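Structure first, then comments.
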Amino acid sequence: LTIDMKYQLVIQWPASSTLDYDALIEIEEILEEHLSDRIDGHDAGSSEMNIFIHTDDAEKAFDEVREVLSANDFWVDAKAAYREMESEDYVVLWPAGLKTFSIA
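So for the sequence shown, our numbering puts the first residue at 1467; every next one is plus one.
Below is the structure:
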């Protein structure tokens, strides 16, 4: 049974952050345990690492992510944004003041 969610929430870190690939996998597992929404995987490229979450309430999902991760050192480098599934335009949630967001 596949339930179509309205939004894709992306949590992103620069590849230059203290976060490495093993930590990315660990974070993904932590989020899978604590979020009410579905983790849709991750990717790690030369410039960034992303975790993708499918949700019907992107802001609520982000609040859950922030609650789980904000005590960790790597949270300072995190960015978060969401888009409607049919759209390529992201709405930035974190950090405050960030104007643009993209997936490389």
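All C-beta atoms, glycine included, are put in the ideal place defined by N, C-alpha and C. It should be emphasised that the depicted structure is a prediction, and the values quoted were computed from it without experimental measurement.
Name the DSSP bridge partner or partners of residue i?
| i | result |
| --- | --- |
| A1510 | M1515 |
| Y1548 | L1475, V1557 |
| R1504 | H1520 |
Among residues of its own chain, excluding the 5 on either side of residue i, which ones have a beta-carbon nearer than 7 Å to its beta-carbon?
| i | result |
| --- | --- |
| W1479 | L1485, E1514, M1515, F1540, D1543, A1544 |
| D1555 | R1549 |
| E1498 | I1505 |
Do residue i and residue j have their C-beta atoms closer together than 7 Å?
| i | j | result |
| --- | --- | --- |
| D1529 | F1518 | no |
| I1527 | D1509 | In the sequence on display, residue 1527 carries Ala and not Ile. It is not a contact, given that the beta carbons lie outside the stated cut-off. |
| L1559 | A1570 | no |
Which same chain residues, not among the five before or five after residue i, have their C-beta less than 6 Å away from its C-beta?
| i | result |
| --- | --- |
| L1535 | W1541 |
| R1433 | The structure shown does not extend to residue 1433, since the chain is modelled only from 1467 to 1570, so the question has no answer here. |
| K1472 | D1522 |
| L1467 | With a pLDDT of 45 at L1467, under the threshold of 50, the modelled position of that residue is not reliable, and the figure given next carries that caveat. Result list for L1467: empty, nothing under 6 Å. |
Of the choices the options, whose alpha-carbon is the least far from that of residue i?
| i | options | result |
| --- | --- | --- |
| Q1474 | P1561, L1564, V1557, T1566 | V1557 |
| L1501 | A1537, T1521, E1554 | T1521 |
| S1553 | G1563, I1477, A1562, S1568 | S1568 |
Spatial neighbours of residue i within its chain, please: C-beta separation below 8 Å, excluding the five flanking residues on both sides.
| i | result |
| --- | --- |
| A1489 | F1540 |
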